[in-house]
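K.L.:
Residue numbers (the UniProt record's numbering), protein chains in the order written: chain A, 1 to 346; chain B, 1 to 346. Every residue gets a Cβ at the ideal spot worked out from N, C-alpha and C, and that includes glycine. Computed from a predicted model, the values in this text were never measured in an experiment. If you scroll down you'll find the structure; I have some questions about it.
Protein chains: 2
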Amino acid sequence: MEIKNKYVAIKSNINGAPEESDFEIKVENVSLIVEPESKEVIVKNLFLSIDPYQINRMKSQSSSQAAISFAAAIVPGDAIDTYGVGRVLVSHRPDFKKDDLVAGLLTWGEYTRVKEGSLLNKLEILGFPLSYHVGVFGFSGLAAYGGFFDVCKPKPGEKVFVSAASGSIGNLVGQYAKLLGCYVVGSAGSQEKVKFLKETLGFDDAFNYKQETDLKSALKRCFPQGIDVYFDNVGGKMLEAAVANMNSFGRVAVCGVISEYTNASTRAAPEMLDIVYKRITIQGFLAADLMKVYADFLSKTVEYLQAGKLKAIEDVSQGVESIPSAFIGLFRGDNIGKKIVKVADE
Amino acid sequence: MEIKNKYVAIKSNINGAPEESDFEIKVENVSLIVEPESKEVIVKNLFLSIDPYQINRMKSQSSSQAAISFAAAIVPGDAIDTYGVGRVLVSHRPDFKKDDLVAGLLTWGEYTRVKEGSLLNKLEILGFPLSYHVGVFGFSGLAAYGGFFDVCKPKPGEKVFVSAASGSIGNLVGQYAKLLGCYVVGSAGSQEKVKFLKETLGFDDAFNYKQETDLKSALKRCFPQGIDVYFDNVGGKMLEAAVANMNSFGRVAVCGVISEYTNASTRAAPEMLDIVYKRITIQGFLAADLMKVYADFLSKTVEYLQAGKLKAIEDVSQGVESIPSAFIGLFRGDNIGKKIVKVADE
């Protein structure tokens, strides 16, 4: 028995900002026959996470990425793996039965043959929209929670700056920081987003970086008492400006550097004298290293959501065909909140 | 009663590399009368520490320095404070009596009136040359020991890179790292220094950065298995090259950035993607924050010195008149080991 699987692939390696013409929609036949000893599970994809870091897998690989499995090069023509939520179609494994809802490493397509050893878990927490398992309960949530609490080690009352603050991770960092009792300022790329951060998410302040001629002055204005924690999603000039405005013993958690992903000539050159004299720590991290805080992250996040103290902000597109534009839009700042593609109804 | 005090001052602020003409030798009359209630102590200076960071106090001040007392601006014409060792000439305080040997904040001159509250301690460990208290037992030693063990958190067998490795702090970092059982490579600016590091200090390898056309390749050659710990004394291109060659979870301790002190256009722009994917930490630190490891540092260092396992490398000039050239020479790489000026015989 076979089904048709529509999926998205890159035509060739992408250097620079991605465009529609870099992608193609392909169709393949997928056999629904699974040899029990293969331990494969066939999943019908429902919701897929759309993440900026994937662009790094689409270009020529750096040595630092080569060492990391989920940063492995994406091969033109092949299916592209991504975190997502789906429903089990075929399984001979005792731990997954037909119709189970699962979250794990799926693909930019309608169906995924999940190999043994690949990330796949049954959904444990129910009662929330399924899409939450891709965003706020997924790696975006874990990166925000773990990156903020475990890497930045914030204290109530500290001054926290988040860039790309209306993005999938940034908006959660800001909300967690507010819940801790920090003073929180976010940067974003439009007036609509600035308004959203202040009025909907309760940030203390926010600014549109595209309207600022000098980022150092913008941060000076927003942080008259200096920055204690900077959660960096963008890199480049914003990182330099944040370092210039940091207080002694300030901490920078580098979650991503989206301004540098599509333009390798954009490189942050923070003032090292500041880093020495102000004893600043700059630390790169990956959500995958933060599993140690996962249980704490999940229980707190469920509690906050149930109490209405945390908002899961999502931006959902429909259908496999929308994946390329959803992805491209990340680099144009089209999304507010977590970018998700809904592939099929539950 | 008065004595003549010869001391060194800057004529005006220094921007760029210091030159002899930036300095002047001045003479003042110092009264030997101390009002007991002032709690001042008059010290005859014996050995003075000559440190590169002082150049930052001689130029226009950055906001990061303004917050730190010992980084306060040096005023043209005024005495310049520095760590040193001396002998008490006049004291009415019960904790210091005439002829006590002391270490603390003295001046680039023959005598210092040490004010109440300023750093001053009686020498506790005797049996070593007095100059050791300026170098290996002073802030250079503490920066090396604390910066390496407390900031870098090295493990035996890890691969350690030290820049300015024949300098006052670098040579000690390399020696401590060898004593821990690390693989240690240093960079320096001459063949003589490279030979010294390998043959006298037992570094596993060393290279002359001035003879390398590509620092990334040089580090690749010296670290086929990558760098776990980089003790940064120079900043600039060397920091970029080190980050490019670091292993996952690598740590960079930024002790100083001498390549950036006299040329503000030299700025390190490390590849942030490497910092994220390899989860690298870059941390600035100051020796003054490391007092928590002081007791441990001192006992270990005394033990290593007594056992002949650690060498105190010094480069001593004679007399107050030699201070400007001693200081200028730091930026030319003239010294091997700790640069010290001997002002007077004990």
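1. Evaluate Q225 of chain A with the Cβ neighbour count: other Cβ atoms within 10 Å of its Cβ, from every protein chain shown; 16 or more gives buried, anything less gives exposed.
2. Please go through the same chain and pick out, in chain order, the residues whose beta-carbon is closer than 6 Å to the beta-carbon of V85 of chain B, but skip the five residues on each side of it.
3. To which residues of the same chain is A269 of chain B closer than 7 Å at the C-beta, ignoring the five residues directly before and after it?
4. At a CB distance below 9 Å, what residues from the segment 33-60 of chain B approach chain A? Give them in sequence order.
5. With H, G and I counted as helix, E and B as strand and the rest as coil, what does DSSP make of N121 of chain B?
6. Against chain E, does C152 of chain B count as a neighbour if the rule is that its beta carbon must be under 9 Å from one of theirs?
7. Could you spell out the range, first to last residue, of the beta strand (DSSP E) harbouring F161 of chain A?
8. In chain order, what residues of the same chain lie with their CB nearer than 7 Å to the CB of V34 of chain B, ignoring the 5 residues before and after it?
9. Mind checking which residues open and close the alpha helix (DSSP H) that includes V276 of chain A?
10. So, is the C-beta of D214 of chain A closer than 9 Å to a C-beta in chain B?
11. Measuring only between beta-carbons, confirm whether I3 of chain A sits less than 9 Å from chain B.
12. How about R221 of chain B: is its C-beta nearer than 9 Å to some C-beta of chain A?
13. Within a Cβ cutoff of 6 Å, which residues of the same chain sit near D315 of chain A, ignoring the five residues on either side of it in sequence?
14. Could you say which of B:L123, B:P18 and B:F249 lies nearest to P52 of chain B if we only look at CA atoms?
15. Could you say which of A:Y7, A:K59, A:F149 and A:V114 lies nearest to T301 of chain A if we only look at CA atoms?
16. Residue range of the alpha helix (DSSP H) that A206 of chain A falls in?
17. Which one of B:F207, B:N121 and B:F139 has the shortest CA to CA distance from L290 of chain B?
18. Could you spell out the range, first to last residue, of the alpha helix (DSSP H) harbouring E314 of chain B?
19. Check each candidate in B:K237, B:R279, B:K216 and B:V276 and name the one with the smallest Cα separation from E260 of chain B.
20. Counting Cβ pairs closer than 8 Å, one from the segment 3-12 of chain A and one from the segment 104-113 of chain A, do we hit at least three?
21. How long is the line joining the alpha carbons of F203 of chain A and Q191 of chain A, rounded to whole angstroms?
22. Measure the Cβ-Cβ separation of V257 of chain A and I282 of chain A and say whether it is below 9 Å.
23. How many Å lie between K216 of chain A and L120 of chain A at the Cα?
24. Based on Cα-Cα distance, which residue from A:A71, A:V341, A:V293 and A:E212 lies nearest to A144 of chain A?
25. Between D228 of chain B and chain A, is any beta-carbon pair separated by less than 9 Å?
26. Kindly indicate which residue of A:F327, A:Q318, A:L298 and A:R332 has the alpha-carbon position closest to the one of A128 of chain A.
27. Looking only at its own chain, which residues have a Cβ that is under 6 Å from the Cβ of Q318 of chain A, when we skip the five neighbours before and after it?
28. For M238 of chain A, which residues in chain B fall below 9 Å Cβ to Cβ?
29. Taking only beta-carbon positions, decide if G284 of chain B is within less than 9 Å of chain A.
30. Specify the secondary structure class of N171 of chain B as computed by DSSP and reduced to three states.
31. Buried or exposed: which applies to S187 of chain A, given that a residue is buried once 16 or more other Cβ atoms fall within 10 Å of its Cβ?
32. Apply the 10 Å Cβ neighbour rule to K195 of chain B and answer buried if 16 or more other Cβ atoms are within range, or exposed otherwise.
33. Is the beta carbon of V88 of chain B less than 9 Å from the beta carbon of K44 of chain B?
34. Could you spell out the range, first to last residue, of the beta strand (DSSP E) harbouring L232 of chain A?
35. Which residues in chain A sit within 7 Å of V254 of chain B, going by Cβ to Cβ distance?
36. For a contact meaning CB atoms closer than 7 Å, what does R279 of chain A contact in chain B?
P.N.:
With the structure as the only source:
1. Classification of Q225 of chain A: exposed, given that the 10 Å Cβ count is below 16.
2. L46, F47, A103, L130, H133 and V134
3. E240
4. Result list: Y53 and N56.
5. strand
6. The question asks about chain E, but that chain is absent: this structure's protein chains are A and B.
7. F161 of chain A: member of the beta strand (DSSP E) spanning K159 to V162, first to last residue.
8. E40, I42, V90 and H92
9. Taken as a continuous stretch (DSSP letters only), the alpha helix (DSSP H) holding V276 of chain A covers M272 to Y277.
10. no
11. no
12. no
13. N335, I336, G337 and K339
14. B:P18
15. The option with the nearest alpha carbon to T301 of chain A is A:F149.
16. Looking at the DSSP string, A206 of chain A is not in any alpha helix (DSSP H); the run it does join, the beta strand (DSSP E), is D205 to N208.
17. B:F139
18. Here E314 of chain B belongs to no alpha helix (DSSP H); instead the beta strand (DSSP E) covers E314 to Q318.
19. B:K237
20. yes
21. 14 Å
22. no
23. Whole-angstrom Cα-Cα distance: 44 Å.
24. A:V293
25. no
26. It should be pointed out that residue 128 of chain A corresponds to Phe in this sequence rather than to Ala. For the residues A:F327, A:Q318, A:L298 and A:R332, the minimum Cα distance to F128 of chain A belongs to A:L298.
27. K342
28. Simply none; closest approach about 11 Å.
29. yes
30. Reduced to three states, the DSSP call for N171 of chain B is helix.
31. When all chains shown are included, S187 of chain A counts as buried.
32. Burial call: exposed.
33. yes
34. One detail in the question is off: residue 232 of chain A reads as Asp in this sequence, not Leu. That run of the beta strand (DSSP E) goes I227 to D232.
35. M272, I275 and V276
36. G284, F285, L286 and D289
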